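Quick note on the working numbering: the sequence shown kicks off at 4 and runs consecutively. Single-structure report; data block below.
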Amino acid sequence: MTSKTVGIIGGTGWLGRALAEALLDSQFIAPQHLLISNRSGVTAFEPGVRLLADNQQLVDESDIVVLSIRPEQFRELRINARGRQVISLMAGVSAAAIGLATGAQAVVRAMPNAAVEIRQSFTPWCSNVSLDEQEALWIQGLFECVGSADAVPDEACVDYLSALSGTGPALPAMLQLALTRQAVAAGIPPDIAQRAAQGVVVGGGHMLARHDPQQLIDSLLAYRGVTAAALQSMVDDEFESLVGRAVEAGAQVARRGM
């Protein structure tokens, strides 16, 4: 359990609250070392967690400041975080911009996704300053409270991964909807189409947790049956390039700022 005091600006939003609850449930942090701010300073957290309406007061009383707000909210944020380490969960806002606006010299950028809700997020992160082993392990441990995490070489990686892992369930959700709608168009009753498509996405996801994807595809192609025909059609239509273009479109937004 850390002895550092962590303050989360925006800690009552879906992301900030999920992180706060995970930190408490995993006993990564004690309630008395967690500060949460929102505009009203009122919400339900377990006893010991302090709720503040003043962001600057939170910064002044914290060792680590987490920014769990939207980029447009950041433009209106007025805090002096000089001497504090800031952890940003915002897409498209560079460490340099955060430092310029807040006075913080040490900035960690990270990009969790919506799977923090079930503590299955993948969170890439990087720091704009060198961290010693203990500091890096602390950051890694914080994000492992909501899933898995990796330190990446630079902000360019965070920007790209904002459009890949940062999308969370969005891409699988689109695949499920496409499968459902195509099945309905082919005459399958909607409720059955929905369950079948969900089985592909959810069941397939569980299998991929235990199997190498390329080996799985190769073994299915070897049967030269129904699945192989479907896979070959996707290859012929350049499915991989389509996915690449989609992720790159999102990454471009992250690179130029939001």
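Backbone N, C-alpha and C fix where the C-beta goes; we use that ideal spot for every residue, glycine too. Just so we're clear, the structure is a prediction, and the values are computed from it rather than from any experiment.
Residue i to residue j span [Cα, whole Å]
i, j, result
"S141", "A23", "This sequence places Trp at residue 141; Ser is not what is there. Cα to Cα, W141 sits roughly 15 Å from A23."
"E147", "L211", "20 Å"
"A25", "P115", "13 Å"
"E241", "A94", "28 Å"
"Q218", "W17", "37 Å"
"G14", "R213", "34 Å"
"E120", "A232", "36 Å"
"Q35", "L92", "23 Å"
"V96", "Y226", "48 Å"
"G19", "T183", "33 Å"
"A113", "V89", "11 Å"
"Y163", "L54", "34 Å"
"A196", "R87", "52 Å"
"Q123", "P172", "11 Å"
"V204", "D63", "46 Å"
"I101", "A188", "49 Å"
"E136", "A109", "15 Å"
"V229", "V238", "15 Å"
"L27", "N58", "21 Å"
The beta strand (DSSP E) enclosing residue i, as first and last residue numbers
i, result
"D57", "Neither: D57 is in no beta strand (DSSP E) and is coded neither H nor E."
"Q88", "88 to 91"
"S40", "37 to 40"
"V69", "67 to 70"
"V256", "Note, V256: premise wrong, no beta strand (DSSP E); alpha helix (DSSP H) at 242 to 259."
"V9", "9 to 12"
Nearest to residue i (by Cα), restricted to the options the options
i, options, result
"V132", "S124, R122, A99", "A99"
"V161", "S40, P34, H209, V250", "V250"
"A159", "S40, R259, D57", "R259"
"Q60", "D135, N41, G228", "N41"
"A200", "H209, L180, D215", "L180"
"L174", "L37, G253, T230", "G253"
"A176", "D215, D221, A118, T230", "A118"
Limits of the alpha helix (DSSP H) - the one that residue i falls within
i, result
"T230", "229 to 239"
"M210", "207 to 211"
"L80", "No alpha helix (DSSP H) holds L80; DSSP gives it neither H nor E."
"R20", "17 to 28"
"P50", "Run containing P50: none; DSSP gives neither H nor E here."
"D221", "216 to 225"
Inter-stretch contact (C-beta, 8 Å, three-pair minimum) for the region 148 to 157 and the region 116 to 131: yes
What are the complete beta strand (DSSP E) segments, minimum 3 residues, inside the region 105 to 151? 109 to 113, 124 to 130
Looking at C-beta atoms only, is the number of pairs between the region 41 to 60 and the region 96 to 108 that lie closer than 8 Å three or more? no
What runs of the alpha helix (DSSP H), each 4 residues or longer, lie entirely inside the region 156 to 197? 158 to 165, 173 to 188
With three or more beta-carbon pairs closer than 8 Å as the criterion, would you say the region 188 to 197 touches the region 156 to 176? no
If we count Cβ pairs, one from each stretch, closer than 8 Å, do we get three or more for the region 79 to 98 versus the region 233 to 246? no
Taking contact to mean at least 3 C-beta pairs separated by less than 8 Å, is the region 63 to 79 in contact with the region 6 to 17? yes
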